[in-house]
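**Q** Take 26 as the starting number for the sequence shown in this note's numbering and just add one per residue. Backbone N, C-alpha and C fix where the C-beta goes; we use that ideal spot for every residue, glycine too. Owing to the predicted nature of the structure, the values given are computational and were not obtained by experimental measurement.
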Amino acid sequence: MSADDKTRISPNVANTAVGTQLSGIYELDERIAFGGMGEVYRGHNIQTGDHVAIKIVLPEFARDQTILSLFRKEASILNHLSHDAVVRYHVFTIDPGIGRPYLAMEFVDGQSLFDIMRRGPMPTEDVRKLCHRLASGLSAVHQAGAIHRDLSPDNIILPGGRVERAKIVDFGIARSATVGGETLIGGKFAGKYNYVSPEQLGLYSGDVSEQSDIYSLGLVLAAALRGKPIDMGGSQLEIVEKRRTVPDLSDIDADFRGIVEAMLQPDPQDRPISMSDIARATRDDTDEETTPPTSITPRDRAGLPRAGGT
26 MSADDKTRIS PNVANTAVGT QLSGIYELDE RIAFGGMGEV YRGHNIQTGD HVAIKIVLPE
86 FARDQTILSL FRKEASILNH LSHDAVVRYH VFTIDPGIGR PYLAMEFVDG QSLFDIMRRG
146 PMPTEDVRKL CHRLASGLSA VHQAGAIHRD LSPDNIILPG GRVERAKIVD FGIARSATVG
206 GETLIGGKFA GKYNYVSPEQ LGLYSGDVSE QSDIYSLGLV LAAALRGKPI DMGGSQLEIV
266 EKRRTVPDLS DIDADFRGIV EAMLQPDPQD RPISMSDIAR ATRDDTDEET TPPTSITPRD
326 RAGLPRAGGT
């Protein structure tokens, strides 16, 4: 679930009643979010009592084969993905009682990064740990053949407020890296404008790739360091123009500025090659599995700067 989901105009009455049982396995306890394509409920496994989050497709999309086929692709990719920084998916099926597809996943109890940011700028060391955690998780997502496309502070949950336990949630518009440009909303633009990459707006040939998530993560990290997002919005023209240059990062700690600057290069080819590069560059030097930072090999960029160094 996300803050954007919560703040959208939503119906006073949920489409599916609390207490409804799905497939004889899950029971709905409370609706916790409403979005353009579905509703998210907190529920529990009837047999074990384990809490789960359940996303149910809205009635108007229940028979849309384009959306359902893409939803299945997403579920297929992420259901086989196992990484502690990524919400676990349990099952995708159609419940005969309500006649609609639903997706059951791990319920992550905690505050979003969006909520934590409102308290003020986060310490650079915490952001470094957060970057390593998220980049490691997104690297696994990319290796599984998916792209998140909608990374933002409200899609990152910190159980107990601990950055080292952060989890990436809400893959509602994730797409397979091999499905062309379509998303779960039928090929139209998907993503939050303040964190979206230039190519998602049609710049640089409009090819959405792993580098798109890298750009969005850079904006997320900048927001965490500042305690507020960089203003990347405005009119339609301003939204595009602001992505033709690297945003002003002068108020970000110099020890971390180089990495964020590399991630926010307008041209995807000038960004780090992969999330694994970013994860290695932000690994704690005291960690037993520390490996040397890798360099950014696309075109003529220099090596990715090491976090905490120059």
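Mind listing, in chain order, the continuous alpha helix (DSSP H) runs of no fewer than 4 residues lying wholly within the region 53-110?
**A** Runs of the alpha helix (DSSP H) inside the region 53-110: 90-104.
**Q** Which of helix, strand or coil does DSSP assign to I193?
**A** In the structure shown, I193 sits in a strand (DSSP, three-state: E or B).
**Q** Hey, R125 and A87: beta-carbon distance below 8 Å or not?
**A** Cβ distance < 8 Å, so R125 and A87 count as in contact.
**Q** Measure the Cβ-Cβ separation of A249 and M147 and say whether it is below 8 Å.
**A** Taking 8 Å as the Cβ cut-off, A249 and M147 qualify as a contacting pair.
**Q** Closest to D292 by C-alpha separation, out of V245, K253 and G227, would be which residue?
**A** Comparing Cα-Cα distances from D292 to each of V245, K253 and G227, the minimum goes to G227.
**Q** With distances taken between CB atoms, is the gap from I193 to L163 smaller than 8 Å?
**A** Yes, these two residues count as a Cβ contact at 8 Å.
**Q** How about the region 229-240 and the region 292-308: do they share at least three Cβ pairs that are nearer than 8 Å?
**A** Contact between the region 229-240 and the region 292-308 is present, because at least three Cβ pairs lie under 8 Å.
**Q** Do D280 and R251 have their C-beta atoms closer together than 8 Å?
**A** No, the pair does not count as a contact, with Cβ atoms beyond the cut-off.
**Q** In this structure, what does DSSP give as the bridge partners for T118?
**A** DSSP, once it has assigned bridges, lists Y127 as partnering T118.
**Q** Going by other Cβ atoms of all chains shown within 10 Å of its Cβ, with 16 needed for buried, is V43 buried or exposed?
**A** Per the 10 Å Cβ criterion, exposed.
**Q** Classify K154: buried if its beta carbon has 16 or more other beta carbons within 10 angstroms, exposed otherwise.
**A** Under this definition K154 is a buried residue.
**Q** Using beta-carbon positions only, say whether R67 and D75 come within less than 8 Å of one another.
**A** No.
**Q** If you draw a straight line from the C-alpha of Q90 to the C-alpha of I172, how long is it?
**A** Roughly 21 Å between the two C-alpha positions.
**Q** Do V221 and P184 have their CB atoms nearer than 8 Å?
**A** Taking 8 Å as the Cβ cut-off, V221 and P184 do not qualify as a contacting pair.
**Q** Mind listing, in chain order, the continuous alpha helix (DSSP H) runs of no fewer than 4 residues lying wholly within the region 263-300?
**A** Complete alpha helix (DSSP H) runs here, min 4: 279-288.
**Q** When DSSP labels each residue in this structure, what does I50 get in the three-state scheme?
**A** If DSSP states are grouped into helix, strand and coil, I50 belongs with coil.
**Q** Could you tell me if G231 is buried or exposed, where buried requires 16 or more neighbouring beta carbons within 10 angstroms of its beta carbon?
**A** It counts as exposed.
**Q** Kindly give me the distance between the Cβ atoms of T41 and I92, rounded to whole angstroms, as I take these residues to be in contact under 8 Å.
**A** That pair is no contact at about 18 Å.
**Q** Only counting the same chain, and skipping five residues up and downstream in sequence, which positions put a Cβ closer than 6 Å to that of N104?
**A** Excluding sequence neighbours, N104 sits near Y114.
**Q** Measuring only the C-alpha atoms, how far is E263 from E286?
**A** When rounded, the distance between both Cα atoms is 20 Å.
**Q** Within the continuous alpha helix (DSSP H) that includes I239, where are the two ends?
**A** Residues E235 to R251.
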